[in-house]
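Worksheet: one structure, shown below.
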Amino acid sequence: MRPGDTVVIRYVRDGVVRGARPTRYVGSRSGYDAFWLPAGTIVANPVLADGAPLRSVPLEQRFTAERRAQPELQLWRGEGILKLIPDDGAHSVWIFWREDGSLWGWYVNLEARHRRNGRSIETRDHVLDLWCERPREWEWKDEDELELAVEHGFVTPELAGEIRAEGERVARRIERWEPPFADGWEEWRPDPGWPLPVLPPGWDAP
Ligand code: MG
Numbered sequence: 019m020r021p022g023d024t025v026v027i028r029y030v031r032d033g034v035v036r037g038a039r040p041t042r043y044v045g046s047r048s049g050y051d052a053f054w055l056p057a058g059t060i061v062a063n064p065v066l067a068d069g070a071p072l073r074s075v076p077l078e079q080r081f082t083a084e085r086r087a088q089p090e091l092q093l094w095r096g097e098g099i100l101k102l103i104p105d106d107g108a109h110s111v112w113i114f115w116r117e118d119g120s121l122w123g124w125y126v127n128l129e130a131r132h133r134r135n136g137r138s139i140e141t142r143d144h145v146l147d148l149w150c151e152r153p154r155e156w157e158w159k160d161e162d163e164l165e166l167a168v169e170h171g172f173v174t175p176e177l178a179g180e181i182r183a184e185g186e187r188v189a190r191r192i193e194r195w196e197p198p199f200a201d202g203w204e205e206w207r208p209d210p211g212w213p214l215p216v217l218p219p220g221w222d223a224p
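Numbering (our numbering), first residue to last: 19 to 224.
Laid out in structure tokens, this is it:
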């Protein structure tokens, strides 16, 4: 991969592509590859049967409301984010900035170990997340959602245990302020000459 190359990050569950985001490869630091997802990029998001976002229903219905088999193409709203994907780890770290360009925080998305295949990276969302807004401080996100995911058979109790353990490992890195948090990525800015990345043909092929 060279800086500027388009790489698609795909979320797959039960052999079906549930979501996909085209990004540009930026570079690597401390065993993490960085990928830029600019505002206005067309991404594929999972939606409910009626096309509404998953989070439009109350939490209790999150895993029972009928979902559309195919994800829906939508604009990536808000500011661009930088996704840091580890060579070896069941998570990714997303850096968010505010509209004025100041750093908002680091979002740790717990997800399956990544399978890299050329310009495609595959993973599966693990529901539970962490949020870090200041160095060495963090909080869980969506703990209640992981419990429901287990209840409804989306996640096995064994996997839920592994997910929490991975979250704890990343939390210790935040507390010690280690990479990828201490790698200065928040100072990075995209090449203004880069056009928006585009989902390539076959992005939804299992
Ligand atoms: Mg998540």
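Note that beta-carbon positions come from the ideal geometry of N, C-alpha and C, so glycine has one too.
In the DSSP assignment, the residues bridged to I113 are L100 and W124. Remark: the shortest separation between the CB of D68 and any heavy atom of the ligand MG does not fall under 7 angstroms. Rounded to whole angstroms, the separation of the alpha carbons of G136 and I103 is 15 angstroms. Around the beta carbon of D106, fewer than 16 other beta carbons sit within 10 angstroms, so the residue counts as exposed. The beta carbon of W195 lies closer than 7 angstroms to those of P153 and R154 in the same chain, with the five residues before and after it left out. Secondary structure at W94: coil, using DSSP grouped into helix, strand and coil. A straight-line Cα-Cα distance of about 21 angstroms links G96 and V75. Cβ neighbours of S48 within its own chain (closer than 7 angstroms, five residues either side excluded): P197, P198 and D201. At a Cβ-Cβ threshold of 8 angstroms, P21 and V216 do not count as neighbours. Secondary-structure assignment with DSSP links R28 through a beta bridge to A38 and E140.
The bridge partners DSSP lists for V65 are P71.
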